[in-house]
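Number of protein chains: 2
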Amino acid sequence: MTDPAGPVPLPTPPTSAAVARRAGVSRATVSYVLNGQAAGRVAARTQARVRAAAEELGYVPHAAARSLRAGRGRIVLLAAPADTVPAFGPLFTAFLAGFQSALHRLGYTGVLHGAPAQSPQAAARAWAELRPAAVLALHGPALDAAAVALLKRSGTAAVLTAGPQAPPGAHTLLLDDREAGLRAGAHLLAAGRRRIGVVRPAEPGLAAFAAPRLAGVREAAAARPGAAVRPLDLALTEESAAGLAARWPALGLDAVFAYNDEYAMLLMRALQDAGHPVGPGAGETAVVGADDLLPGRLVRPRLTTVRPELIPPEGVARLVDALIRDPGATPAVHRLGTFRVVPRESA
Amino acid sequence: MTDPAGPVPLPTPPTSAAVARRAGVSRATVSYVLNGQAAGRVAARTQARVRAAAEELGYVPHAAARSLRAGRGRIVLLAAPADTVPAFGPLFTAFLAGFQSALHRLGYTGVLHGAPAQSPQAAARAWAELRPAAVLALHGPALDAAAVALLKRSGTAAVLTAGPQAPPGAHTLLLDDREAGLRAGAHLLAAGRRRIGVVRPAEPGLAAFAAPRLAGVREAAAARPGAAVRPLDLALTEESAAGLAARWPALGLDAVFAYNDEYAMLLMRALQDAGHPVGPGAGETAVVGADDLLPGRLVRPRLTTVRPELIPPEGVARLVDALIRDPGATPAVHRLGTFRVVPRESA
DNA sequence: CGGCCGACGTTACACGTGTAAGTTGCCCGG
DNA sequence: CCGGGCAACTTACACGTGTAACGTCGGCCG
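In the order they appear, the protein sequences are chains A and B. When we follow my numbering, the leftmost residue of the first sequence carries the number 1375, and every step to the right adds one. When we follow my numbering, the leftmost residue of the second sequence carries the number 1375, and every step to the right adds one.
Structure follows, in structure tokens:
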């Protein structure tokens, strides 16, 4: 054809040098103008010429060159192991969207990377290649002390972890899952329940979140004599739920706190199908879910749930910005939000 | 305190020069070894020394410097407008996770960016700064011809769009939403239904997907004399659903195809609460959802749904790789998957 | 012995940007 | 008339990497 020499050469992107030529100034002037450092240095007329030239050429600065020069980029990496991503609820994705917008306003580029679930080291290496200004790991155990050290050594100013655990050396955005269990437990105990089952998801990625929730229920029960707590393992399939429902009478429970609304609805349906009534009344099993997902409002009885109330994403973005500006800050724990019981009909 | 001079200086990341010094070779040798170009150039013993030195120093290449030199990086950007991200179902996030893993195996870094929902131009600018090897936009209308041109001009080798529409100049991964409507319509018509409502979500970000689904149902009905199709607007709130249910008898419909399972369940619950039975029988309203979400199996009657069957993420990753290697390829349409009806109890 | 070749490294440049340090030209006070 | 200061730019370097082009050294053939 017309292409014997291999792939078609790509058009070269316009550089700041091209802008400079077109505006009839030096490259440095272009840089000052386009980065807002021009006050008192460059005449207004010249600034206008530069901006016009940039506009006409469709100039876009090269992030790589910029972060090469600056030693570190303006990327904020949100890291989540691939096997956890599917478990994100709408609550979380909404937070994510707001967070990325807020970062954008602060001049950062927020980016989500679902790392392959290899060793923490390998994941950290992949992230380090991007030389991000900050890394926000959404999954505690995926980041150990060595990984944090690797990131810091490669220039990452701030390493944050969101979740129930805090690897040494990293700042922590605490969404204290213990509190979810505590609140759910308190609600059930106040309603007179004494034998509480706690659903642990069989899906491996979620164990880090599930364990503290169980601990929270235990903590609530410890203060109340005669109360007992029992962990229940449940996979996200109807078969698994039916199996659990079949063993229900033998378990002798009068209440359940499920990992989230999906697990709660799944179990609730299985219980009802097996002839075990669900609700707040005597002889019924009380069920509490978590995350306040929409479908929980559509089942009967309506699902009582523990809802995470996250602080506004702008706040988190500002925090990240502050930590980047002061990399020497000693790691601390910052609250990401709290939990609140939304009482409906199932407990 | 001990910090009168401002922020603590960060430790400088080890560079390939540091590795070279430690291994007693030149920087070029390090580069050849670490990039696998050493065959016939560097002795095996030297290669081992270099690798050992890199390991000991915890060397991580600087992606920015690399992509500066190469003109273009190894980042594959998955772009999704912020207001669409929350609408991702588990099906999609699972695909995403697999896709990122597959990209990783091919040597790319897949990254998700929920762009602020500004103009397509502004979003494209933000993406272009990263000089990605490829951009995969998950939302058709967010990318117009000008945005595609901007990206290409700034060096992006491949611009892909996933969705029902194809902006000029971009390759398209087609998940033909028309087909979803077609299949749902055919199923309902075969079951004897003739007056079909189609739920359109009030949420603005979803219109691009909803419109072709409606068109598909229309297409199915056109082939069947006596069949009528009517669009219904529904927001994702219980009030909105109750309002629609109240007007139900006046609408005179005997079937509904909802945008997805959540909308279907919402409407189904509202109909039942208003005393209108749902199901496949005579005098009942048949309901079909989409996406095969778990909660759809937990309601009664169980929700019949149209399930997207996506091709394996590895295939998409290989396609992207091929397009990057041959940037001159003329834009084409590639199928991302098909739809299949999963019959259950609601239709 | 001259010349060539292959194996093994190195030197040197380019990529696009930010910014400290310099260089003008001009005005103004002494 | 000179020095100083200021506005308005420019010069020059550094950031870390990939790779084409260039040594160098020993061995082998004619």
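Beta carbons: idealized from backbone N, C-alpha and C, even for Gly.
- Judged by DSSP secondary structure, P1586/B falls within the alpha helix (DSSP H) whose first and last residues are 1581 to 1596.
- Counting along the chain, no beta strand (DSSP E) covers D1695/A; the unbroken alpha helix (DSSP H) around it starts and ends at 1687 to 1699.
- V1673/A sits in coil when the DSSP states are folded into three classes, being neither helix nor strand.
- Taking L1710/B as reference, the option from A1422/B, L1510/B, R1479/B with the minimal CA-CA separation is L1510/B.
- For A1691/B, the closest of R1479/B, A1392/B, R1440/B, R1415/B by C-alpha to C-alpha distance is R1479/B.
- With fewer than 16 other Cβ atoms from the protein chains shown falling within 10 Å of its own Cβ, P1542/B counts as exposed.
- Contact fails between the region 1693 to 1712 of chain A and the region 1387 to 1399 of chain B, because fewer than three Cβ pairs, one in each stretch, are under 8 Å apart.
- Here G1447/A is buried. Its C-beta has 16 or more other C-beta atoms within 10 Å.
- Excluding its 5 nearest sequence neighbours in each direction, R1676/B has C-beta neighbours in its own chain below 8 Å: G1670, R1718, E1719, S1720, listed in chain order.
- Counting only runs of 3+ residues, the beta strand (DSSP E) found wholly inside the region 1500 to 1580 of chain B occupies 1508 to 1511, 1532 to 1537, 1545 to 1548, 1569 to 1575, in chain order.
- Beta-bridge annotation (DSSP): V1603/B is paired with I1570/B.
- Proximity of the region 1499 to 1506 of chain A to the region 1528 to 1538 of chain A meets the contact definition, three or more beta-carbon pairs being nearer than 8 Å.
- Annotation: G1655/B to L1563/B spans about 14 Å, alpha carbon to alpha carbon.
- T1403/A sits in a helix when the DSSP states are folded into three classes.
- Taking the Cα positions, G1410/B is about 11 Å away from T1403/B.
- Shortest Cα-Cα distance from L1645/B to any of A1502/B, A1615/B, V1662/B involves A1615/B.
- Contact holds between the region 1434 to 1442 of chain A and the region 1431 to 1443 of chain B, because three or more Cβ pairs, one in each stretch, are under 8 Å apart.
- Around the beta-carbon of P1651/B, fewer than 16 other beta-carbon atoms lie within 10 Å, marking it exposed.
- Cα atoms of A1523/B and A1664/A: separation of roughly 46 Å, rounded to the nearest angstrom.
- Put simply, the CB of A1438/A is near chain B, with a gap under 8 Å to one of its CB atoms.
- Of all residues in the region 1413 to 1435 of chain B, those with a C-beta nearer than 8 Å to a C-beta of chain A are G1432, V1434, P1435, reading in chain order.
- Rounded to whole angstroms, the Cβ separation of M1642/B and V1662/B is 10 Å, and the two are not in contact under 8 Å.
- With a beta-carbon spacing of about 18 Å, A1620/B and A1638/B fall beyond the 8 Å limit used to define contacts.
- Rounded to whole angstroms, the separation of the alpha carbons of R1681/B and A1471/B is 19 Å.
- Judged by DSSP secondary structure, V1424/B falls outside any beta strand (DSSP E) and instead within the alpha helix (DSSP H) spanning 1418 to 1431.
- Proximity of chain A to R1718/B at the Cβ level (cut-off 7 Å) is not reached, the minimal Cβ distance being about 12 Å.
- Chain B places a beta carbon closer than 8 Å to that of H1487/A, counting this residue as a contact.
- The shortest CA-to-CA distance from R1699/A to any of E1430/A, V1533/A, R1569/A is the one to V1533/A.
- Across the structure, Y1433/A and A1397/A are spaced so that their CA atoms are roughly 13 Å apart.
- In the three-state reduction of the DSSP assignment, A1391/B falls in the helix class, which pools H, G and I.
- Nearest in C-alpha terms to A1595/B, of all of A1584/B, F1583/B, G1566/B, is G1566/B.
- For S1441/A, the C-beta contacts it makes with chain B under 7 Å involve A1438, in order along the chain.
- Pairing A1498/B with L1548/A, the inter-Cα distance amounts to about 34 Å.
- Proximity of chain B to E1683/A at the Cβ level (cut-off 7 Å) is not reached, the minimal Cβ distance being about 17 Å.
- Contact annotation: R1568/B and A1589/B have beta-carbon atoms that are not nearer than 8 Å.
- In this structure, the straight-line span from the alpha carbon of E1553/B to that of E1577/B is close to 22 Å.
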